[in-house]
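Shown next, in structure tokens, is the structure this report addresses.
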RNA sequence: GGAGAGGUGGCUGAGUGGUUGAAAGCGCUCCCCUGCUAAGGGAGUAUGUGGUAAUCCCGCAUCGAGGGUUCGAAUCCCUCCCUCUCCGCCA
């Protein structure tokens, strides 16, 4: 959520900024909502004041006639008050709903652009493998030894789910363990959180009210499956005031993520790139506003270190204005190379939300004069399924085996190569 | 799931309809005095929001959340959430 005072005073500038994201800020509606709110609030509060004063006088009035008169007046005010208060409440709600649907403003250094194609490559790292044989995609590789099975997952659930078996399932687990260990080593605190969250948490991080259709909702309760660990982990401190000495706070969490993928029919139907359920190791930071740019770079580097250590070829891009998400002010994507698609695919998305989420969640930092909203930053470190798929594809051999990256060998119980053809 | 108890400021803990935004104690901050294995005195110490650009000033709201009764609610009523104890069930 944006600072309403900023909107009141700088809406020209903000409007221009939001246009780059493809959002048209309706200042007419805003101004009428805000002025209506102001009028009603002033009316309500002055009536309330009168009512409070009269109530005290009634209590102290000894003269019965005067007391009766005051009681009569007080009753009248009370009825009027109820009426204006109701109007104020609905005005405030309307204004709030309006504000909740406004995206975050962009950082100055975010490049202009309409869509994905305008994202800017910052650099490419690692060497793209050359194959002297006809390569298989990760699904084909996984199916060689029934390590990836889509028939069983359809029987159990439906499409866009997967069953992993044997060495592939173990590699999946190894990746989780490895990533957690690296991030803990780098100063992140491991945290385990609920996979079902309430509505307020989703409003807090910005998934609601605008993106309800992307979520799985539990039918018998007002709860949702998490689309990312960002939601429960960020909300750990909702409504809390943090001491500045304890910042930055760094969390790492491994959770499954559930996404309805509404509107992505026919997209990435092959393999495990786009699933309703996938695992992810997520990094979340709560930082002082002054440090957030710097901390975003640090978090992105921490996510990159996994790709580097796994020897996967990847590139770092900065998302252009039109591709930057609703709540983000600036986002770096890390994209890993998929030989079968001859292209880079997103494997991590690292964003600085500034005070957009913390204002919604009411997470503040204790200051001597006025408490301020902290900044939140998060990013994947990394998406497990896609990392698994990338390893299978990039490390395959002509014999249909897959070389295990060195850093994972111990996590695989010493296995250096998966012989999938057997 | 059944029975009972309870949710008050950073913490402990008073308060069952009227200057209570909230006693008291602890903690913390500042000042003064004294000076020595210490202590004493004083002041301050929640959050949000509006009037305003504003540290000051004034108003309004907040005693788990949301409704209700009343001129007036931390105090009474209803719904929900949470915590604790006992029973049941269960990984």
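In the numbering used here, the protein residues as written are 228 to 649.
No residue lacks a Cβ here, since even glycine has one placed at the ideal position from N, Cα and C.
Three-state secondary structure (DSSP) of residue i
i	result
residue 603	strand
residue 608	strand
residue 406	helix
residue 435	coil
residue 357	coil
residue 276	helix
residue 417	strand
residue 369	helix
residue 639	helix
residue 650	Residue 650 falls outside the range modelled here, since the chain spans only 228 to 649, and no answer is possible.
residue 538	coil
residue 490	coil
Given residue i as reference, the closest of the options once Cα atoms are compared
i	options	result
residue 367	617, 261 and 453	617
residue 584	636, 459, 488 and 411	459
residue 280	264, 292, 396 and 298	298
residue 327	398, 231 and 411	231
residue 261	237, 517 and 319	319
residue 430	359, 524, 445 and 589	589
residue 579	475, 334 and 250	334
residue 254	300, 241, 266 and 265	241
residue 516	497, 441 and 603	603
residue 486	441, 416 and 560	441
residue 369	498, 463, 560 and 381	498
residue 272	610, 409 and 308	308
residue 528	268, 581, 607 and 332	607
residue 455	446, 474, 428 and 473	428
residue 620	473, 364, 554 and 295	364
Cutoff 7 Å; reference residue i; Cβ partners in own chain excluding five residues on either side
i	result
residue 404	638
residue 414	477
residue 305	278
Beta-bridge partners of residue i, as assigned by DSSP
i	result
residue 558	578
residue 628	646
residue 484	505
residue 511	478 and 605
residue 348	544
residue 571	564
residue 224	With the chain covering only 228 through 649, there is no way to say anything about residue 224.
residue 390	376
residue 591	468 and 600
residue 444	451
residue 623	629
Residues of its chain near residue i, where Cβ-Cβ distance is below 6 Å and the 5 sequence neighbours each way are ignored
i	result
residue 571	542, 562 and 564
residue 591	468, 598 and 600
residue 386	none
residue 250	330
residue 401	635, 638 and 639
residue 245	252
residue 622	629 and 630
residue 505	484 and 612
residue 345	547
residue 312	271
residue 586	228 and 600
Residues near residue i by beta carbon distance below 8 Å, same chain, minus five either side
i	result
residue 383	390
residue 593	468, 469, 470 and 471
residue 628	644, 645, 646, 647 and 648
residue 501	387, 488, 491, 494 and 495
residue 407	417, 479, 481 and 508
residue 324	436
Within the stretch 308-352, note down every full beta strand (DSSP E) run reaching 3 residues or more, in order along the chain. For the stretch 308-352, whole beta strand (DSSP E) runs of length 3 or above, ordered along the chain, are 347-352.
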